[in-house]
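Structure record follows, encoded as structure tokens.
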Amino acid sequence: MKARGGISRALVAGFVVVVVILVAAVVVFVGFPGTTHGSSTTTSTVSTPANLLLATGQTPSSYCSQPTSPYSNSSLTINWGNLAPGTEGIQFVCLKNTGTTAITLAVNSSLTTSTGKVTSPQAGTILYGGAAELIEVDLWLTSSVQPGPFQSFTVTIGGTQ
Numbered sequence: 091m092k093a094r095g096g097i098s099r100a101l102v103a104g105f106v107v108v109v110v111i112l113v114a115a116v117v118v119f120v121g122f123p124g125t126t127h128g129s130s131t132t133t134s135t136v137s138t139p140a141n142l143l144l145a146t147g148q149t150p151s152s153y154c155s156q157p158t159s160p161y162s163n164s165s166l167t168i169n170w171g172n173l174a175p176g177t178e179g180i181q182f183v184c185l186k187n188t189g190t191t192a193i194t195l196a197v198n199s200s201l202t203t204s205t206g207k208v209t210s211p212q213a214g215t216i217l218y219g220g221a222a223e224l225i226e227v228d229l230w231l232t233s234s235v236q237p238g239p240f241q242s243f244t245v246t247i248g249g250t251q
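Mapping the sequence shown onto the numbering used here, position 117 (from 1) lands on 207, and the numbers just tick up by one.
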């Protein structure tokens, strides 16, 4: 039987079935919009030496003279959000040198190389006594990291005199 315009109902029904199958395949392989398919929620603890204070949760435009969270050097964490294997998370912190001696900034972590690494473009720069600076901290996950609960790890932000 022909529908209006000469297209058969069987052809229209076949087209609808194909569209439904394609939408189902996208949902199965990619996930519903807004989901984090194959990712891990990642939080790390942060340690600093006694003369360095840290304010986590900053934005790229934060002023470290007035950070959006208070400076501290205890019970610090960085929430990296949901990261998929093979991706990078970028966070910003304010670092304040309360000492009188300049330090050369260093960023390290307890991650194994098979899991990923933590770096900073500011590593190697000098932070003078009494100064505060916005620091970018980058977490890189290898593509072999398994999705799901992520191992806990520590990021150490410090330096040498």
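For every residue, glycine included, the Cβ atom is placed at its ideal position computed from N, Cα and C.
Less than 9 Å between the beta carbons of residue i and residue j, yes or no?
i      : j      : result
Ser234 : Ser210 : no
Leu166 : Val136 : yes
Gly171 : Leu231 : no
Asn187 : Ala213 : no
Ser152 : Leu224 : yes
Ser159 : Ser199 : no
Within a Cβ cutoff of 7 Å, which residues of the same chain sit near residue i, ignoring the five residues on either side of it in sequence?
i      : result
Pro157 : Ala145, Gln148, Cys184
Gly248 : Thr138, Pro139, Leu142, Ala196
Ile180 : Glu226, Asp228
Gln236 : none
Asn169 : Thr133
Phe243 : Ser134, Ser199, Ser200, Leu201
Val116 : Here Val116 scores only 37 on pLDDT, less than 50, and its place in the model should not be relied on; the value that follows carries that caveat. Here the set comprises nothing.
Cutting at 8 Å between CB atoms, please list the residues of its own chain near residue i, excluding the five before and the five after it.
i      : result
Ala254 : Outside the shown range of the chain (91 to 251) lies residue 254, about which nothing can therefore be said.
Val113 : With a pLDDT of 41 at Val113, under the threshold of 50, the modelled position of that residue is not reliable, and the figure given next carries that caveat. Within the same chain, Val113 has no close Cβ partners at all.
Nearest CA to the CA of residue i: which residue from the options?
i      : options                        : result
Leu195 : Ile216, Glu178, Gly179         : Ile216
Gly206 : Glu178, Asn169, Thr190, Gly220 : Glu178
Ala192 : Gly220, Ser199, Asn169, Ile180 : Gly220
Leu173 : Ile247, Thr132, Asp228, Ser159 : Thr132
Pro150 : Phe182, Tyr161, Ile168, Asn169 : Phe182
Cys154 : Thr250, Glu226, Gln236         : Glu226
Gln251 : Ser242, Thr190, Val208, Gln241 : Thr190
Name the DSSP beta bridge partners of residue i, please?
i      : result
Gln148 : Phe182
Thr138 : Per DSSP, none; premise fails for Thr138.
Val227 : Gln181
Thr250 : Thr194
Thr244 : Thr135
Ser162 : Leu144
Give me, in chain order, the residues of the same chain whose beta-carbon lies closer than 6 Å to that of residue i; leave out the 5 immediate sequence neighbours on both sides.
i      : result
Tyr218 : Ala192
Thr246 : Ser137, Asn198
Tyr161 : Leu143, Ala145, Lys186
Ile111 : Interpretation of Ile111 is limited by its pLDDT of 42, a score under 50 that renders its predicted location unreliable; the figure taken from the coordinates is listed afterwards. Closer than 6 Å at Cβ, skipping near neighbours: no residue.
Which full runs of the alpha helix (DSSP H) of 4+ residues lie inside the stretch 174-222, going along the chain?
-> Along the length of the stretch 174-222, whole alpha helix (DSSP H) runs at least 4 residues long do not occur.
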